[in-house]
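Engineer: Encoded as structure tokens, here's the structure I'll be asking about.
Protein chains in written order, with our numbering: chain X, 17 to 291; chain G, 336 to 612.
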């Protein structure tokens, strides 16, 4: 069963034991880890969280090469964080490097924009950058382990009406449909001589804007047909399922794993409180 | 044929007035597909036109152009589509954690709810028929440039003008005057482009959605998330990038979409008159 957003991320856990866990457990693990990010205030805590998150991904059978999908994000964020602590935030501490970039003699004093590298700035930057890695790993864990079916069955098992379950299901199927529609429109444009690789950013923006009208027209047609089909079957959006074909069981294994990650989160909170 | 089309619309309006409005499959299915399409566009735009260092934030966030029309057409469903698609956009390709994404996503909810609220609270029935197409084409240019100049002037004044005085104050004064003049020309163009109430509501929607969603989006990335992924010092660069990008995209693409597809939405019965139905 495909994991959520697999069409775009391509991330899928290989461990059948992990995938056999209750959907609540699979959601709670990344949730507890992401709460822990909040309580990492120094590089050591952040690195510990990276290690735990990476190990969890490994146990779930998600290859760490999935991080490749986020290389641009990690690269741009880390460089931006480093630049912001050097260019915008002038944190006091032991100065390693200082240079003035811009100096304007203003009416009420001198405006200066400078590069300032201090030990405090480097420590802050390291914490923020380490947090980015932890953030990405928890996102990978959630996306790689929760399937569409988990999601829809989860909604049904908590008693939500068909309207909510169908909407969730259609959203995940819709992504695949619109990605393929988008590619078709893009190919049609290329067939008419548009070279997306060589066009300027402004022209590319207009090209993508033009692609929106057929894309939305397709959405309207699909919505119309799909809703007529659902109404023809006599199902009302507020109907609740009386029978389910599959029942999730929250086993002892689920409880144990959930409690372990709850303990990990509590440990990070204690670390934050005590140090 | 044209008369027949008008007749159809009239019959629909009479039916709508007589029957109580309720949520149907049409609303739910359109919401689900609108969420999917917004997500795909969000991914495409944040990969093609990224704001360096703020993943999920795009200098030209094409998906935002859909949220405004969705808010106008579908009311709260459009806003919900914005929230859900932005939540998943936070997970991929932005790489935010679940909690960060849950908080950050309100930015795109705001993006759609602001125009939805303006149209519904002012009881404006959207009629984007352009009586003077040239005015409708020029309007986005003047509104986006005017508001952008006004916005840059205010940012310069807040950050440096108040503290250092000249020459920042002069820059602020000129940019505010020129920006206001351009925005006023845009408003006049809106008044003569077609149905005045519709176009004024649309202009207010564009400006309100850009600034308010920018405040929440940049704020949740730098100030009040759990934890904010970026340092607080980056609030202004992210905020300015967000608002300027949104102004361009909303005024250019959202206007085109509203003009082209509002009649289709009304004709097919997908149009949501109230908040949910």
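Even for Gly, the Cβ is constructed at its ideal location relative to N, Cα and C.
Source: prediction; values computed, not measured.
Residue 568 of chain G touches chain X at which residues, Cβ-Cβ below 8 Å?
Structural biologist: Simply 100, 101, 104, 105.
Engineer: Specify the secondary structure class of residue 406 of chain G as computed by DSSP and reduced to three states.
Structural biologist: Residue state, collapsed to three classes: helix.
Engineer: Please check the pair residue 143 of chain X and residue 59 of chain X, which I expect to be a contact at CB under 8 Å, by giving their CB distance rounded to whole angstroms.
Structural biologist: The Cβ separation is near 5 Å, so the contact holds.
Engineer: Looking at the secondary structure, which residues open and close the beta strand (DSSP E) in which residue 131 of chain X lies?
Structural biologist: Residue 131 of chain X -> beta strand (DSSP E) spans 125-134.
Engineer: Mind checking who residue 283 of chain G pairs with in its DSSP beta bridge?
Structural biologist: Nothing about residue 283 of chain G can be read from this structure; chain G reaches only from 336 to 612.
Engineer: Output needed in chain order: residues of the stretch 184-213 of chain X with a Cβ under 9 Å from some Cβ in chain G.
Structural biologist: For the stretch 184-213 of chain X, which is checked against every Cβ of chain G, the residues closer than 9 Å are 184, 185, 186, 187, 188, 189, 190, 191, 192, 193, 194, 195, 197, 198.
Engineer: Along chain G, which residues have their Cβ under 7 Å away from the Cβ of residue 127 of chain X?
Structural biologist: Correct list: 495, 499.
Engineer: Specify, as a first and last residue, the run of the alpha helix (DSSP H) that residue 61 of chain X falls within.
Structural biologist: Residues 59-76.
Engineer: Using CA coordinates, which residue listed in G/370, G/365, G/432 is at the minimum distance from residue 65 of chain X?
Structural biologist: When each option's Cα is compared against that of residue 65 of chain X, the closest is G/432.
Engineer: Comparing the C-beta of residue 344 of chain G with each C-beta of chain X, is any distance below 9 Å?
Structural biologist: Low confidence applies to residue 344 of chain G: its pLDDT is 48, below 50, so where it sits in the model is not reliable enough to give any reading.
Engineer: Does the pairing of the stretch 460-469 of chain G with the stretch 410-430 of chain G give three or more beta-carbon distances under 8 Å?
Structural biologist: Touching, no.
Engineer: Are there 16 or more other CB atoms within 10 angstroms of the CB of residue 19 of chain X, so buried, or fewer, so exposed?
Structural biologist: Residue 19 of chain X is buried by the Cβ-count criterion.
Engineer: DSSP three-state label for residue 482 of chain G, please.
Structural biologist: Looking at residue 482 of chain G - three-state DSSP - the assignment turns out to be helix.
Engineer: Do you know offhand how far residue 546 of chain G's Cα is from residue 559 of chain G's?
Structural biologist: If you take the alpha carbons of residue 546 of chain G and residue 559 of chain G, they lie about 17 Å apart.
Engineer: Would you decide whether residue 199 of chain X is buried or exposed? Buried here means 16 or more other CB atoms lie within 10 Å of its CB.
Structural biologist: Result: exposed.
Engineer: State the Cα-Cα distance for the pair residue 268 of chain X and residue 210 of chain X, rounded to the nearest angstrom.
Structural biologist: The straight-line gap from Cα to Cα measures roughly 58 Å.
Engineer: So, using beta-carbon positions, are residue 29 of chain X and residue 134 of chain X closer together than 9 Å?
Structural biologist: For residue 29 of chain X and residue 134 of chain X, no; Cβs fall outside 9 Å.
Engineer: Report the residue from X/48, X/63, X/42, X/79 whose alpha carbon sits nearest the alpha carbon of residue 26 of chain X.
Structural biologist: Per the Cα distances, X/79.
Engineer: Out of X/288, X/153, X/274, state which residue places its alpha-carbon closest to the alpha-carbon of residue 87 of chain X.
Structural biologist: The candidate whose alpha carbon is nearest that of residue 87 of chain X is X/153.
Engineer: List the residues of chain G that residue 147 of chain X touches, going by C-beta distances under 8 Å, in chain order.
Structural biologist: Near residue 147 of chain X (Cβ distances below 8 Å), the residues of chain G are 562, 564.
Engineer: Which residues, in order along the stretch 572-599 of chain G, keep a beta-carbon less than 9 Å from a beta-carbon of chain X?
Structural biologist: Of all residues in the stretch 572-599 of chain G, 572, 583, 584, 587, 588, 591, 592, 595, 596, 599 have a Cβ within less than 9 Å of some Cβ in chain X.
Engineer: Identify whether residue 121 of chain X lies in helix, strand or coil by the three-state DSSP scheme.
Structural biologist: Strand at residue 121 of chain X.
Engineer: Alpha carbon to alpha carbon, how far is residue 148 of chain X from residue 467 of chain G?
Structural biologist: About 50 Å.
Engineer: Between the beta-carbon of residue 550 of chain G and the beta-carbon of residue 486 of chain G, is there less than 9 Å?
Structural biologist: Going by C-beta atoms, residue 550 of chain G is not nearer than 9 Å to residue 486 of chain G.
Engineer: Look at the Cβ atom of residue 266 of chain X, then the Cβ atom of residue 115 of chain X, and state whether they are nearer than 9 Å.
Structural biologist: The answer is no: Cβ separation not under 9 Å.
Engineer: Applying a beta-carbon distance threshold of less than 8 Å, which residues of chain G neighbour residue 144 of chain X?
Structural biologist: 564, 565, 566, listed in chain order.
Engineer: In three-state terms, what does DSSP make of residue 112 of chain X?
Structural biologist: Three-state result, residue 112 of chain X: strand.
Engineer: What are the residues in the stretch 44-75 of chain X lying within 7 Å of chain G by C-beta distance?
Structural biologist: Those residues of the stretch 44-75 of chain X that come within reach of chain G (Cβ to Cβ, closer than 7 Å) are 46, 47, 50, 51, 53, 54.
Engineer: Where do the N-terminal and C-terminal ends of the alpha helix (DSSP H) with residue 445 of chain G fall, by residue?
Structural biologist: Where residue 445 of chain G is concerned, the enclosing alpha helix (DSSP H) stretches over 441-456.
Engineer: Are the CB atoms of residue 367 of chain G and residue 207 of chain X nearer to each other than 9 Å?
Structural biologist: Their beta carbons are not under 9 Å apart, which means residue 367 of chain G does not touch residue 207 of chain X by this criterion.
Engineer: Starting from the beta carbon of residue 431 of chain G, find every residue of chain X whose beta carbon is closer than 8 Å, and list them in chain order.
Structural biologist: Those are 151, 155, listed as they occur along chain X.
Engineer: Which residues of chain X have a Cβ atom closer than 8 Å to the Cβ of residue 361 of chain G, listed in chain order?
Structural biologist: Under the 8 Å cutoff, chain X gives 239, 240, 243.
Engineer: Using a Cβ cut-off of 9 Å, which residues of the stretch 423-449 of chain G contact any Cβ in chain X, in chain order?
Structural biologist: For the stretch 423-449 of chain G, which is checked against every Cβ of chain X, the residues closer than 9 Å are 423, 425, 426, 427, 428, 429, 430, 431, 432, 433, 434, 435, 436.
Engineer: Could you check if residue 108 of chain X is buried or exposed, using at least 16 other CB atoms within 10 Å of its CB as the buried criterion?
Structural biologist: Counting Cβ neighbours within 10 Å, residue 108 of chain X comes out exposed, since fewer than 16 surround it.
Engineer: Give me the Cα-Cα distance between residue 56 of chain X and residue 171 of chain X, rounded to the nearest whole angstrom.
Structural biologist: Straight-line Cα distance between these residues: approximately 33 Å.
Engineer: Would you kindly check if the distance between the Cβ of residue 570 of chain G and the Cβ of residue 589 of chain G is under 9 Å?
Structural biologist: No, they are not a contact pair.
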